[in-house]
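Below: one structure, written as structure tokens.
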Amino acid sequence: KVLILDFGSQYTQLIARRVRELNFYCEIFPFNKIPEEVSEFSAVILSGSPFSVRNEKAPQPDLSKIKGKLPLLAVCFGAQYIAHHFGGRVEASNTREFGRANLNMIKEAELLFESIEEQSQVWMSHSDSIKELPSNAVRLASTKDVLNAAYRIDGEDTYGIQFHPEVYHTTDGKQLLANFLIKIADLKPSWTPATFVDLSIEELKQTIGKEKVVLGLSGGVDSTVAAVLLHQAIGTQLHCIFVNNGLLRKDEFNSVLDQYKGMGLNVKGVDASDRFLDALAGISDPETKRKKIGNIFIDVFDDEATSIKDVTFLAQGTIYPDVIESVSVNGPSATIKSHHNVGGLPDYMKLKIVEPLKMLFKDEVRRVGAELGIAKNLIGRHPFPGPGLAIRILGDITRDKVRILQEVDHIFINGLRTWGLYDKVWQAGAILLPVNSVGVMGDERTYEKVVALRAVESTDGMTADWVDLPYKFLQETSNKIINQVAGVNRVVYDISSKPPATIEWE
Ligand code: XMP
4 KVLILDFGSQ YTQLIARRVR ELNFYCEIFP FNKIPEEVSE FSAVILSGSP FSVRNEKAPQ
64 PDLSKIKGKL PLLAVCFGAQ YIAHHFGGRV EASNTREFGR ANLNMIKEAE LLFESIEEQS
124 QVWMSHSDSI KELPSNAVRL ASTKDVLNAA YRIDGEDTYG IQFHPEVYHT TDGKQLLANF
184 LIKIADLKPS WTPATFVDLS IEELKQTIGK EKVVLGLSGG VDSTVAAVLL HQAIGTQLHC
244 IFVNNGLLRK DEFNSVLDQY KGMGLNVKGV DASDRFLDAL AGISDPETKR KKIGNIFIDV
304 FDDEATSIKD VTFLAQGTIY PDVIESVSVN GPSATIKSHH NVGGLPDYMK LKIVEPLKML
364 FKDEVRRVGA ELGIAKNLIG RHPFPGPGLA IRILGDITRD KVRILQEVDH IFINGLRTWG
424 LYDKVWQAGA ILLPVNSVGV MGDERTYEKV VALRAVESTD GMTADWVDLP YKFLQETSNK
484 IINQVAGVNR VVYDISSKPP ATIEWE
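Residues 4 to 509 (full-length UniProt numbering) make up the sequence shown, in order.
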């Protein structure tokens, strides 16, 4: 496996993704928490950083067990760090070197640049320059502005590169990473969804033994894949609970429940709609809605889980971006992002946690899901917020409003499917606005609800662009909604990007 040491670069996760795409397993650790058993790793990559190596607050990793002992690829800050601390000289550049550049390779036939053409485009993003290499280093490439764009330390498998191979604009970046891992570190690309499934099943069997596990299904990709993986490992020892909070999409509770049962999962559907909807009556504030829904969910889940005898494990569909410890830019202290799909459980439940997907990125979860034979319509689902339609009904929530929004959403989402647009969109849904507008139907004046449609493109929900849906599609969808959903006389399309807007309206 490959170790990636994080110095706080915004691109560290991207390095991990590229390495995984090449079918190598890797883990990210903060520079100040290098694992004790570092020799278990077969190669190490040092990330970039917002710091200058000349800054006294810059990361100071202890590389004594790494440099010269394991194959090492140092990127940007990493390359400067090695130059600076092992006999070279790093200085501020006159200009910030940012953007595209082209490589002039100095030594041909170097392993790192195998199959990479002269003048290959790379992406630079740094404000210091390596002016002088350590005396035992060999320059491998330059660009027009950067003399030491790549180097190697003699007698070691240590390589430094000033540019970012993980960034899309570095055309041959993936080839370079492959060269490092295959030619230099001598690793075999063996990390595939199939090996992940095999290894995970073995590991889950070991960890869980004969004990019982409870898991909250949401209908979403992560919890579904986690459930199927666990099911393959421990069969009926897995007890799934799927709660209807009354705020799901139209018919979703029954259709997804049927699908889960069809896959052989041991799942109990709990219809707690009334409990949620009663508690939400009269509440308009978005954060209060979220809290109420979270708390009731815990109560319902807790009741069900404690009714299963002798449960000792709680399984969660947590994924890697939720657990990566990233180095905070404001100092060397590590901040931990933690996230619980079930919203955190009361302490007295005292369950041991099992999170079989916690080392996977979202796209890998989908690939593992496909490997497990889960139907495409479940794996390819758009993300849907835990509080469901509650945060898409602006203002207070009534059963009638939920019904109206379910109908509207159903027409919109079905339309996307029929037009072959569903898989081109990252997330879509409808929002019920807390205003009435005047309309005319036949000879009658109407005064009814307005709904907004929202469809966005995104990779992780952190940023998003609105989707340029075909006018014909919007026209057809709007007509259907106004003709078929009583109580709605106006449809608008949301053309705001995130930032500055968010994906949800609440
Ligand atoms: P925003 O609205 O912040 O949403 O741009 C980003 C992504 O997060 C989802 N979202 C939620 N998911 N509970 C969830 O489980 C929530 O309270 C919540 N709020 C937003 C949203 O659907 C989008 O995918």
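Virtual Cβ for every residue (Gly too), placed ideally from N, Cα, C.
Can you tell me where the alpha helix (DSSP H) with Glu367 in it begins and where it stops?
In the sequence shown, residue 367 corresponds to position 364, counting from 1. Run containing Glu367: 365-374, per the alpha helix (DSSP H) assignment.
With Phe502 and Thr466 assumed to form a contact (beta carbons below 8 Å), what rounded beta-carbon distance in angstroms separates them?
On the sequence shown, residue 502 is found 499 positions in, with the first residue counted as 1. On the sequence shown, residue 466 is found 463 positions in, with the first residue counted as 1. This sequence places Pro at residue 502; Phe is not what is there. Rounded, the Cβ-Cβ distance is 7 Å, consistent with contact.
Would the C-beta of Thr505 count as close to the ligand XMP, meaning under 8 Å from any of its heavy atoms?
Counting from one through the sequence shown, the residue named residue 505 turns up at place 502. Thr505 Cβ: within cutoff of the ligand XMP.
How do the segment 250-257 and the segment 399-415 stand: do at least 3 beta-carbon pairs fall below 8 Å, yes or no?
At 8 Å Cβ cutoff, the stretches touch.
Less than 8 Å between the CB atoms is what I'm expecting for Val47 and Gln83, so what's the real figure, rounded?
Here residue 47 refers to the residue found at position 44 when the sequence shown is read from its first residue. Here residue 83 refers to the residue found at position 80 when the sequence shown is read from its first residue. Their Cβ separation, rounded to whole angstroms, is 16 Å, which puts Val47 and Gln83 out of contact at 8 Å.
Going straight from the alpha carbon of Gly115 to that of Val459, what length do you get?
Numbered from 1 along the sequence shown, position 112 holds the residue referred to as residue 115. Numbered from 1 along the sequence shown, position 456 holds the residue referred to as residue 459. Position check: residue 115 holds Leu in this sequence, whereas Gly was assumed. CA-CA distance, Leu115 to Val459, rounds to 39 Å.
Going by DSSP, what residues sit across from Lys452 in a beta bridge?
The residue you call residue 452 lines up with position 449 of the sequence shown. DSSP output for Lys452 lists Asn439, Val491 as bridge partner(s).
What distance in whole Å lies between the Cβ atoms of Val228 and Val371, which are believed to be in contact at a cut-off of 8 Å?
The count along the sequence shown starts at 1 and reaches residue 371 at position 368. The count along the sequence shown starts at 1 and reaches residue 228 at position 225. That belief holds up - the Cβ atoms of Val371 and Val228 are roughly 6 Å apart, short of 8 Å.
Tell me where the beta strand (DSSP E) around Val141 begins and ends.
Along the sequence shown, read from residue 1 onward, the residue named residue 141 stands at position 138. Membership of Val141 in the beta strand (DSSP E) is indicated by the continuous run 140-145.
Do the segment 168-182 and the segment 132-148 make contact, defined as three or more Cβ pairs closer than 8 Å?
No contact exists between the segment 168-182 and the segment 132-148.
Of the residues Ser50, Cys243, Lys134, which one's Cα is nearest the Cα of Ser221?
Taking the first residue of the sequence shown as position 1, residue 221 is located at position 218. The shortest Cα separation from Ser221 among Ser50, Cys243, Lys134 belongs to Cys243.
Whole angstroms is fine: what's the gap from Thr239's alpha carbon to Leu268's?
Numbered from 1 along the sequence shown, position 236 holds the residue referred to as residue 239. Numbered from 1 along the sequence shown, position 265 holds the residue referred to as residue 268. Cα to Cα, Thr239 sits roughly 8 Å from Leu268.
Start-to-end residues for the beta strand (DSSP E) that takes in Asp261:
For the purposes of this step, residue 261 is taken as the residue at position 258 of the sequence shown. First-last for Asp261: 255-265, but that is the alpha helix (DSSP H), not the beta strand (DSSP E).
Through-space distance from Leu232 to Lys147, alpha-carbon basis
Translated into positions along the sequence shown, residue 147 becomes position 144. Translated into positions along the sequence shown, residue 232 becomes position 229. Their backbone Cα atoms lie some 51 Å apart in a straight line.
Residue of Thr480, Leu66, Asn486, Phe183 minimising C-alpha distance to Gly445:
Reading the sequence shown from its first residue, position 442 is the one you call residue 445. The candidate whose alpha carbon is nearest that of Gly445 is Asn486.
Cutoff 7 Å; reference Glu509; Cβ partners in own chain excluding five residues on either side:
As a working note, residue 509 is residue 506 in the sequence shown. The answer, listed in chain order, is Pro289, Ile394, Leu397.
Backbone secondary structure at Gly272 - three-state DSSP
Stepping through the sequence shown from its first residue, residue 272 is reached at position 269. Three-state result, Gly272: strand.
So who's on the other strand from Trp244, going by DSSP bridges?
On the sequence shown, position 241 is the one that residue 244 refers to. Note that residue 244 is Ile in the sequence shown here, rather than Trp. DSSP lists Gly219, Lys271 as partners of Ile244.
Quick check on the burial criterion: 16 or more other C-beta atoms within 10 angstroms. Buried or exposed for Leu106?
Taking the first residue of the sequence shown as position 1, residue 106 is located at position 103. Buried, since its Cβ has 16 or more Cβ neighbours within 10 Å.
So within the segment 376-414, which uninterrupted alpha helix (DSSP H) runs reach at least 4 residues, ignoring any that extend past its ends?
Runs found: 379-382.
Is Lys501 near the ligand XMP - that is, is its Cβ less than 8 Å away from at least one heavy atom of it?
Indexing the sequence shown from 1 puts residue 501 at position 498. Yes - the ligand XMP has a heavy atom lying nearer than 8 Å to the Cβ of Lys501.
Proximity winner among Phe415, Ser67, Leu73, relative to Ile187 (alpha-carbon distances):
Here residue 187 refers to the residue found at position 184 when the sequence shown is read from its first residue. Of the candidates Phe415, Ser67, Leu73, the one whose C-alpha sits nearest the C-alpha of Ile187 is Leu73.
Taking the CB atoms as reference points, tell me whether His172 and Val78 lie closer together than 9 Å.
The residue labelled residue 172 in the question sits at position 169 within the sequence shown. The residue labelled residue 78 in the question sits at position 75 within the sequence shown. One thing to note: His172 has its Cβ no nearer than 9 Å to the Cβ of Val78.
Between the beta-carbon of Leu436 and the beta-carbon of Val411, is there less than 9 Å?
Residue numbering aside, residue 436 sits at position 433 when the sequence shown is read from its first letter. Residue numbering aside, residue 411 sits at position 408 when the sequence shown is read from its first letter. Contact: no.
How would you write the range of the beta strand (DSSP E) that Asn97 sits in, first residue to last?
The sequence position of residue 97 within the sequence shown is 94, counting from 1. Boundaries of the beta strand (DSSP E) harbouring Asn97: 92-105, taken from the DSSP string.
Heavy atom of the ligand XMP less than 8 Å from the Cβ of Arg293, yes or no?
The count along the sequence shown starts at 1 and reaches residue 293 at position 290. Relative to the non-hydrogen atoms of the ligand XMP, the Cβ of Arg293 comes within a distance shorter than 8 Å of at least one.
Quick check: is any heavy atom of the ligand XMP less than 8 Å from the C-beta of Phe304?
In the sequence shown, the residue the question calls residue 304 occupies position 301. With a cut-off of 8 Å, the C-beta of Phe304 is classified as distant from the ligand XMP, since no heavy atom of the ligand falls inside that distance.
How would you call Pro38, buried or exposed, if buried means at least 16 neighbouring beta carbons within 10 angstroms?
Here residue 38 corresponds to residue number 35 of the sequence shown, with the count starting at 1. Counting Cβ neighbours within 10 Å, Pro38 comes out exposed, since fewer than 16 surround it.
If you drop the 5 nearest sequence neighbours on each side, which residues of the same chain put their C-beta closer than 7 Å to that of Ala197?
Locating residue 197 in the sequence shown gives position 194, counting from the first residue. So the list reads Glu374, once near-sequence residues are dropped.
Measure the C-alpha to C-alpha separation of Gly76 and Thr401 and round it to an integer number of angstroms.
Within the sequence shown, the letter at position 73 stands for residue 76. Within the sequence shown, the letter at position 398 stands for residue 401. It should be noted that the sequence gives Leu, not Gly, for residue 76. Each residue's Cα considered, the two are about 58 Å apart.
Exposed or buried, which one is Pro390 when buried takes at least 16 other CB atoms within 10 Å?
Indexing the sequence shown from 1 puts residue 390 at position 387. Buried.
What is the DSSP secondary structure of Val170, counted as helix, strand or coil?
To locate residue 170, count along the sequence shown from 1; it is residue 167. Val170 sits in coil when the DSSP states are folded into three classes, being neither helix nor strand.
Please specify which runs of the beta strand (DSSP E), each continuous and at least 3 residues long, are wholly inside the segment 19-52, giving them in chain order.
As far as the segment 19-52 is concerned, its whole beta strand (DSSP E) runs of at least 3 residues are 29-33, 46-49.
Determine the extent of the alpha helix (DSSP H) in which Val56 is found, giving its start and end residues.
Taking the first residue of the sequence shown as position 1, residue 56 is located at position 53. It is not in any alpha helix (DSSP H) - Val56 carries neither H nor E in the DSSP assignment.
Are there any heavy atoms of the ligand XMP lying less than 8 Å away from the beta-carbon of Gln430, as far as the coordinates show?
What you label residue 430 is simply residue 427 of the sequence shown in a count that begins at 1. Checking every heavy atom of the ligand XMP against the Cβ of Gln430, one is found closer than 8 Å.
Do Phe415 and Ile498 have their beta-carbon atoms positioned less than 9 Å apart in this structure?
Within the sequence shown, the letter at position 495 stands for residue 498. Within the sequence shown, the letter at position 412 stands for residue 415. Result no, Cβ atoms of Ile498 and Phe415 do not sit closer than 9 Å.
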